[in-house]
Amino acid sequence: MDIKFGLIIVAIGYCIVYFFDSFFKSCAHYPYLRFLEGTGLKVKFFNIQWSTTALNRTLLRFGNIRSNSNFLHIWFSIGLIANLVLLPIAVALLIYSFIQNFLPSQENLVLSPVIPGINLPASEILFYSATLVICSVVHEFGHALAAVKEDVQVLNLGLSIIFILPIAYVNLNTENLRGLEPWKRLKILTGGVWHNLVLSFVCYLLYLSLPVFLSLIFHIGRGVTIYDATKMSPLIGHRGLEIGDIITKINDCEVRSATSWTNCLHYVKRKNGICFDPDIVRDLDETSTLKHLTNGYVECCDESKRGNVCFEFIDNDNGILELPSHVCLPARKMLNKSDYYCSKKELKCPNNLHCFVPLLNRTRLFKLEVMNKPVVIYMGLADDFLITLRVSSYIPKYFLRTPLVAETAKKMLEYIVIISLGLGLINIIPCFFMDGQHIINTLLYIILSKSVDGEKVILISSMICLVFTVLLIAHCVLAMFPLYFEIFVHLIV
Numbered sequence: 001m002d003i004k005f006g007l008i009i010v011a012i013g014y015c016i017v018y019f020f021d022s023f024f025k026s027c028a029h030y031p032y033l034r035f036l037e038g039t040g041l042k043v044k045f046f047n048i049q050w051s052t053t054a055l056n057r058t059l060l061r062f063g064n065i066r067s068n069s070n071f072l073h074i075w076f077s078i079g080l081i082a083n084l085v086l087l088p089i090a091v092a093l094l095i096y097s098f099i100q101n102f103l104p105s106q107e108n109l110v111l112s113p114v115i116p117g118i119n120l121p122a123s124e125i126l127f128y129s130a131t132l133v134i135c136s137v138v139h140e141f142g143h144a145l146a147a148v149k150e151d152v153q154v155l156n157l158g159l160s161i162i163f164i165l166p167i168a169y170v171n172l173n174t175e176n177l178r179g180l181e182p183w184k185r186l187k188i189l190t191g192g193v194w195h196n197l198v199l200s201f202v203c204y205l206l207y208l209s210l211p212v213f214l215s216l217i218f219h220i221g222r223g224v225t226i227y228d229a230t231k232m233s234p235l236i237g238h239r240g241l242e243i244g245d246i247i248t249k250i251n252d253c254e255v256r257s258a259t260s261w262t263n264c265l266h267y268v269k270r271k272n273g274i275c276f277d278p279d280i281v282r283d284l285d286e287t288s289t290l291k292h293l294t295n296g297y298v299e300c301c302d303e304s305k306r307g308n309v310c311f312e313f314i315d316n317d318n319g320i321l322e323l324p325s326h327v328c329l330p331a332r333k334m335l336n337k338s339d340y341y342c343s344k345k346e347l348k349c350p351n352n353l354h355c356f357v358p359l360l361n362r363t364r365l366f367k368l369e370v371m372n373k374p375v376v377i378y379m380g381l382a383d384d385f386l387i388t389l390r391v392s393s394y395i396p397k398y399f400l401r402t403p404l405v406a407e408t409a410k411k412m413l414e415y416i417v418i419i420s421l422g423l424g425l426i427n428i429i430p431c432f433f434m435d436g437q438h439i440i441n442t443l444l445y446i447i448l449s450k451s452v453d454g455e456k457v458i459l460i461s462s463m464i465c466l467v468f469t470v471l472l473i474a475h476c477v478l479a480m481f482p483l484y485f486e487i488f489v490h491l492i493v
């Protein structure tokens, strides 16, 4: 289903739910009001909230166990130290990322906003939403657990879905929180970021260990398997590739994993020449009249010879060879007869072989070695592989037919590592509506309370938060502007 159509369905669903919610409330429909009260649901415009107190007793019991209490004291003390170290780093990264917006290249922004369908594949929106649930739940669980440890009442926990973005939250007794000693209050305020950092680290270790865990049911390091392709992929079909094919080599580049697959495709872009035997060239040459095209290229093949390609002979020897500068050769036959490749910059061919470069503008010749199948020859762009095929390093061993389980686990871990770390970094920055706002306020109180009036401490804290809030918003706008501008131009054209 198209993502736009799906979002429209969600929007219509929200409108219907909101209409009936307003209708039943206006009529004071008792069963409906009782249902909302019993379930903890609240319906707002494009927003559904759910809250519960069912976990309060469990959290309280867990925090009051003596062994757990000692562990939690050490745990959140380490978290506080980690947050104090992270705070200046996060601020420096934000300033550096903001400056990057004014530099010529913005490709490697340290902090970059993520918007599904813009700079995040719309097809991965489920991963994005699920990751937000996990990361926000872990974040709020950190606050709740630290609050229980410091005897601050947890009022309720909940989940809010804003259109399609889920966000967890926890409500604490603010009077209890304000009455705590500043350092104890900081442990609660930094508990969420600390849990995000730990989650990111644990998932990163799992990500690195994934090949070991999955080696029981998947072959790893033997090539890549195609597990999905777009409907319009020019690579799938008769004499081409199929779903489930295992590719082990592209030209002379060994394919061992998804990373080497990408590297090999870029390698073919650079090394596009082929080493041919001059005797075979003479036998198969079908050169017609040379034509010099307006774009600077030369055409030496007759238009009726669709399987033929015009090659330019490249030689670094000063000797005279009895070979023409341009030859028209059948691409499939020639690729099947050669296993060596070269380029204009690297004329490294074995003895008695010479370098010929196909005159194909941006297209390239690809020779794909597929496990248990004949060689597949393709003439086209490297992007055809990168955009229209989805490959995996995990090749099923036994009952599994596709590597979907492995790829889902890998993708989920990638998202959790990145988003959990990003959530921690953003929350520690002193901005309004972030944990950083309360953290910087408490830190300034600890540092300045003996020499500065309490109201002035709040004023200084508010000014700092204002500066970094404006900086964060400006960075997000500047970082996303080129993408929105490109989409706008594309829609007009």
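When the letters of the sequence shown are read in order and numbered with full-length UniProt numbering, they come out as residues 1 to 493.
Glycine included, each C-beta is placed from N, C-alpha and C at the ideal position.
Everything numeric in this text was worked out from a predicted model, so none of it was measured.
Should the segment 385 to 395 be called in touch with the segment 258 to 267, which here means at least 3 C-beta pairs below 8 angstroms?
yes
In chain order, what are the residue ranges of uninterrupted beta strand (DSSP E) at least 3 long that sit wholly in the segment 323 to 393?
326 to 330, 354 to 358, 364 to 370 and 376 to 380
State buried or exposed for N196, treating a residue as buried only when at least 16 other CB atoms are found within 10 Å of its CB.
Within the sequence shown, residue 196 is the residue found at index 196, counting from 1. Buried: at least 16 other Cβ atoms inside 10 Å.
Does the segment 187 to 204 come close enough to the segment 70 to 84 that 3 or more CB-CB pairs lie under 8 angstroms?
yes
On the criterion of 16 or more Cβ atoms from any shown chain inside 10 Å, does H73 qualify as buried, or is it exposed?
Here residue 73 refers to the residue found at position 73 when the sequence shown is read from its first residue. It counts as exposed.
Starting from R222, trace the beta strand (DSSP E) in both directions and tell me its first and last residue.
For the purposes of this step, residue 222 is taken as the residue at position 222 of the sequence shown. Taken as a continuous stretch (DSSP letters only), the beta strand (DSSP E) holding R222 covers F218 to A229.
For the segment 174 to 181 against the segment 118 to 129, do three or more pairs of beta-carbon atoms, one drawn from each stretch, fall closer than 8 angstroms, so that the two count as touching?
Touching, no, given that fewer than three Cβ pairs across the two stretches are closer than 8 angstroms.
May I ask you to verify whether the segment 196 to 214 touches the segment 372 to 391, counting CB pairs closer than 8 angstroms and requiring at least 3?
no
Let me make sure I understand the geometry here. Which of D279, R306, D277 and H326 has the alpha-carbon closest to that of C300?
One-based indexing of the sequence shown puts residue 300 at position 300. Considering only alpha carbons, the answer is H326.
In the DSSP assignment, find the beta strand (DSSP E) that holds C300 and state where it starts and stops.
Position 300 of the sequence shown, counted from the start, is the residue given in the question as residue 300. Element bounds for C300: n/a, residue is neither H nor E.
Counting only the same chain and skipping the five closest in sequence on each side, list residues whose C-beta sits under 6 angstroms from that of S420.
The count along the sequence shown starts at 1 and reaches residue 420 at position 420. Answer for S420: C135, N196, L199 and S200, listed in chain order.
Limits of the unbroken beta strand (DSSP E) element including V170:
The count along the sequence shown starts at 1 and reaches residue 170 at position 170. That run of the beta strand (DSSP E) goes L165 to L172.
Please confirm if the segment 160 to 172 is in contact with the segment 59 to 68, defined as three or more CB-CB distances below 8 angstroms between the two stretches.
Flag = no, the segment 160 to 172 and the segment 59 to 68 do not touch.
Between A406, C27, N68 and L155, which has its C-alpha nearest S209's C-alpha?
Mapped onto the sequence shown, residue 209 falls at position 209. Out of A406, C27, N68 and L155, the CA that lies nearest to the CA of S209 is found in A406.
Closest to T225 by CA distance: which of C275, L353, F385 and S69 is it?
The residue given as residue 225 occupies position 225 in the sequence shown. Per the Cα distances, F385.
For L472, which residues in the same chain have their Cβ closer than 7 angstroms to its Cβ, ignoring the five residues on either side in sequence?
As a position in the sequence shown, residue 472 is number 472, starting the count at 1. These residues qualify, in order along the chain: L94, I429 and C431.
Could you give the distance in angstroms between the alpha-carbon of N427 and the alpha-carbon of L87?
Reading the sequence shown from its first residue, position 427 is the one you call residue 427. Reading the sequence shown from its first residue, position 87 is the one you call residue 87. Looking at the two C-alpha atoms, the distance is approximately 10 angstroms.
Between C342 and C275, which are expected to be in contact by the criterion C-beta below 8 angstroms, what is the C-beta distance as a whole number of angstroms?
In the sequence shown, the residue the question calls residue 342 occupies position 342. In the sequence shown, the residue the question calls residue 275 occupies position 275. Indeed they touch by this definition, with Cβ atoms about 6 angstroms apart.
Among the candidates K149, N171 and I9, whose CA atom is the shortest distance from the CA of L157?
In the sequence shown, counting from the first residue as 1, residue 157 sits at position 157. Out of K149, N171 and I9, N171 has the C-alpha closest to the C-alpha of L157.
Do you know offhand how far L359's Cα is from K271's?
The residue labelled residue 359 in the question sits at position 359 within the sequence shown. The residue labelled residue 271 in the question sits at position 271 within the sequence shown. Spanning the two alpha carbons is a distance of roughly 13 angstroms.
How is V477 classed by DSSP in three states: helix, strand or coil?
Start at 1 with the first residue of the sequence shown, and residue 477 comes out as number 477. Residue state, collapsed to three classes: helix.
Since I believe H475 is in contact with N101 (beta carbons under 8 angstroms), could you give me their beta-carbon distance rounded to a whole number of angstroms?
Residue mapping note: residue 101 aligns to position 101 of the sequence shown, counting from 1. Residue mapping note: residue 475 aligns to position 475 of the sequence shown, counting from 1. That pair is a contact at about 7 angstroms.
In whole angstroms, what separates the C-alpha of F141 from that of V43?
Mapped onto the sequence shown, residue 141 falls at position 141. Mapped onto the sequence shown, residue 43 falls at position 43. Approximately 24 angstroms, taken between the alpha carbons.
Just how far apart, CA to CA, sit I416 and V114?
Locating residue 416 in the sequence shown gives position 416, counting from the first residue. Locating residue 114 in the sequence shown gives position 114, counting from the first residue. In this model, I416 and V114 are separated by some 14 angstroms (Cα to Cα).
Could you say if the segment 304 to 314 and the segment 343 to 357 meet the contact criterion of at least three C-beta pairs nearer than 8 angstroms?
The segment 304 to 314 and the segment 343 to 357 touch, with no fewer than 3 CB-CB distances between them shorter than 8 angstroms.
Just to confirm my understanding: we take L423, look at its own chain, exclude 5 residues before and 5 after, and list those with CB closer than 7 angstroms. What are they?
Here the question's residue 423 lines up with position 423 in the sequence shown. The residues are C135, H139 and N196.
DSSP three-state label for H292, please.
The residue given as residue 292 occupies position 292 in the sequence shown. Strand, per DSSP.
Are three or more beta carbon pairs between the segment 448 to 467 and the segment 143 to 163 nearer than 8 angstroms?
Segment contact: the segment 448 to 467 against the segment 143 to 163, fewer than three CB-CB distances shorter than 8 angstroms; contact not assigned.
Helix, strand or coil, according to DSSP, for P211 in the structure here?
In the sequence shown, counting from the first residue as 1, residue 211 sits at position 211. Looking at P211 - three-state DSSP - the assignment turns out to be helix.
Looking at C-alpha atoms only, which residue of S26, F76 and L413 is the closest neighbour of Y128?
Indexing the sequence shown from 1 puts residue 128 at position 128. Nearest option by C-alpha distance: L413.
Hey, F213 and P396: beta-carbon distance below 8 angstroms or not?
Counted from its first residue, the sequence shown places residue 213 at position 213. Counted from its first residue, the sequence shown places residue 396 at position 396. No, the pair does not count as a contact, with Cβ atoms beyond the cut-off.
Between the Cα of I19 and those of T39, R34, N47 and Y30, spot the shortest distance and give me the residue it belongs to.
In the sequence shown, the residue the question calls residue 19 occupies position 19. Looking at the sequence itself, residue 19 is Phe, so the reference to Ile does not match. Residue N47 is the option with its Cα nearest to F19.
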